[in-house]
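Undergrad: In this text, residue positions in the sequence shown follow my numbering: the first is 926, and each later residue adds one.
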Amino acid sequence: MAERKAEAGDQARRLERLLKEVRACRICASELPFEPRPVLKAKASARLLIVGQAPGTRVHATGIPWNDPSGDRLRSWLQVGREFFYDDSRVAIIPMGFCYPGKGRSGDLPPRQECVQQWREQLLACLPCIELTLLIGQYAQQYHIPEAGKSVTGTVQRWREFAPAYIPTPHPSPRNQLWLKRNPWFEQELVPDLRRRIREIFPELPDIE
Ligand code: SF4
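#1: Going along the chain, which residues of its own chain have a beta-carbon closer than 6 Å to the beta-carbon of Val1116, five neighbours each way excluded?
#2: Any contact between the stretch 1090-1108 and the stretch 1044-1061? By contact I mean 3 or more CB pairs, one from each, below 8 Å.
#3: Give me every residue whose Cβ sits closer than 6 Å to any heavy atom of the ligand SF4, in chain order.
#4: Let's see if you can read the secondary structure: which residues bound the beta strand (DSSP E) around Ile975?
#5: Just the C-alpha distance for Phe1010 and Ile1061, rounded to the nearest angstrom, thanks.
#6: Would you kindly report the start and end of the unbroken alpha helix (DSSP H) that includes Ala1017?
#7: Using beta-carbon positions only, say whether Leu1049 and Ala1017 come within less than 7 Å of one another.
#8: Under the DSSP definition of a beta bridge, which residues are partnered with Ile1061?
#9: Cβ of Arg962 within 7 Å of Cβ of Pro1097?
#10: Taking Arg1085 as the reference, which of Phe1111, Val964, Pro994 has the closest Cα?
#11: What three-state label does DSSP hand Lys945 in the structure shown?
#12: Tell me Asp1033's beta-bridge partners as DSSP assigns them.
#13: For Pro980, tell me which candidate among Arg929, Ser1014, Leu957, Ala937 has the shortest Cα-Cα distance.
#14: Looking at the C-beta of Pro961, does it have a partner C-beta in chain B at a distance below 7 Å?
#15: Quick one, which of Met1021, Thr1080, Gly988 has its alpha-carbon nearest Val976's?
#16: Give the secondary structure of Lys1075 by DSSP, where H, G and I count as helix, E and B as strand, and everything else as coil.
#17: Run through the DSSP bridge pairs and tell me what Lys966 is partnered with.
#18: Verify whether the separation of the beta carbon atoms of Leu940 and Ala969 is less than 7 Å.
#19: State the CB to CB distance for the pair Pro1026 and Tyr1064, rounded to an integer number of angstroms; the pair is presumed to be in contact (CB under 8 Å).
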């Protein structure tokens, strides 16, 4: 018991040190449109991990992850409030890239590979309590579930295969409204199951409405 407590303390300290290093990171500064501002949150006790792509301009400006209409929709899918969502002792938010990567021809550029290579495995190793990882979009899905295909729709349709450790979703961006219309099973089947799963992990959450 005492040993386990000491190990948990070590892990928490390792994660704190690592987060400090990440927040000072400038590895790909010369490739970014703005000064690096890594946006992520985690404590070693977190049981839910949320993995998105990379911050957009609004999140870059505030430094708060999912602090935009996409975040509002994500919270409504989970049916949780901001207080729960931003409680890093319960929810870790670690996207594939930590800084805003800039604009591409259609939407934002992909998350920086340097970020994945330098930080990802080290950070995940400091999160021993994760019970569910939410994989939002293609980059998160392909990294965490190598058997996922390139198509987000195809991967999300197979979501039951990846449970209980992972649940893949499309990006909750308002731009994906048409996708949601074309794929009504997502909100009718996957979202209710996701809400149930979250409440199994966090029984302290209010019941689903
Ligand atoms: S995107 Fe990642 S690797 Fe690049 S500067 Fe930001 S934290 Fe460092």
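Backbone N, C-alpha and C fix where the C-beta goes; we use that ideal spot for every residue, glycine too.
TA: Walking through what the data contain:
#1: As a first step, residue 1116 is located in the sequence shown; it is residue number 191 there, counting from the start. Around Val1116: Trp1002.
#2: yes
#3: Val947, Cys950, Arg951, Ile952, Cys953, Ala954, Pro961, Pro963, Gly1022, Phe1023, Cys1024, Arg1037, Glu1039, Cys1040, Gln1043
#4: Working through the sequence shown from its first residue, we reach residue 975 at position 50. First-last of the beta strand (DSSP E) with Ile975: 973-976.
#5: Numbered from 1 along the sequence shown, position 85 holds the residue referred to as residue 1010. Numbered from 1 along the sequence shown, position 136 holds the residue referred to as residue 1061. For Phe1010 and Ile1061, the distance between alpha carbons rounds to 15 Å.
#6: By 1-based counting over the sequence shown, the position of residue 1017 is 92. Here Ala1017 belongs to no alpha helix (DSSP H); instead the beta strand (DSSP E) covers 1016-1018.
#7: Within the sequence shown, numbered from 1, the residue matching residue 1049 stands at position 124. Within the sequence shown, numbered from 1, the residue matching residue 1017 stands at position 92. Cβ distance not < 7 Å, so Leu1049 and Ala1017 don't count as in contact.
#8: The residue given as residue 1061 occupies position 136 in the sequence shown. Answer is Thr1094, bridged to Ile1061.
#9: Numbered from 1 along the sequence shown, position 37 holds the residue referred to as residue 962. Numbered from 1 along the sequence shown, position 172 holds the residue referred to as residue 1097. Cβ atoms of Arg962 and Pro1097: not closer than 7 Å.
#10: Within the sequence shown, residue 1085 is the residue found at index 160, counting from 1. Measuring from the Cα of Arg1085, the nearest candidate turns out to be Phe1111.
#11: Residue 945 sits at position 20 when you count from the first residue of the sequence shown. Helix.
#12: Locating residue 1033 in the sequence shown gives position 108, where the first residue counts as 1. According to DSSP, Asp1033 bridges with Lys1028.
#13: Start at 1 with the first residue of the sequence shown, and residue 980 comes out as number 55. When only C-alpha atoms are compared, the closest one is Leu957.
#14: Checking the listed chains, one finds no chain B in this structure; it contains a single protein chain.
#15: For the purposes of this step, residue 976 is identified with residue 51 of the sequence shown, where counting begins at 1. The residue with the shortest Cα to Cα distance from Val976 is Met1021.
#16: Here residue 1075 is taken as the residue at index 150 of the sequence shown, counted from 1. If DSSP states are grouped into helix, strand and coil, Lys1075 belongs with coil.
#17: Mapped onto the sequence shown, residue 966 falls at position 41. DSSP, once it has assigned bridges, lists Ile1018 as partnering Lys966.
#18: Along the sequence shown, read from residue 1 onward, the residue named residue 940 stands at position 15. Along the sequence shown, read from residue 1 onward, the residue named residue 969 stands at position 44. Yes, these two residues count as a Cβ contact at 7 Å.
#19: Along the sequence shown, read from residue 1 onward, the residue named residue 1026 stands at position 101. Along the sequence shown, read from residue 1 onward, the residue named residue 1064 stands at position 139. Wrong, their Cβ atoms sit about 11 Å apart, outside the cutoff.
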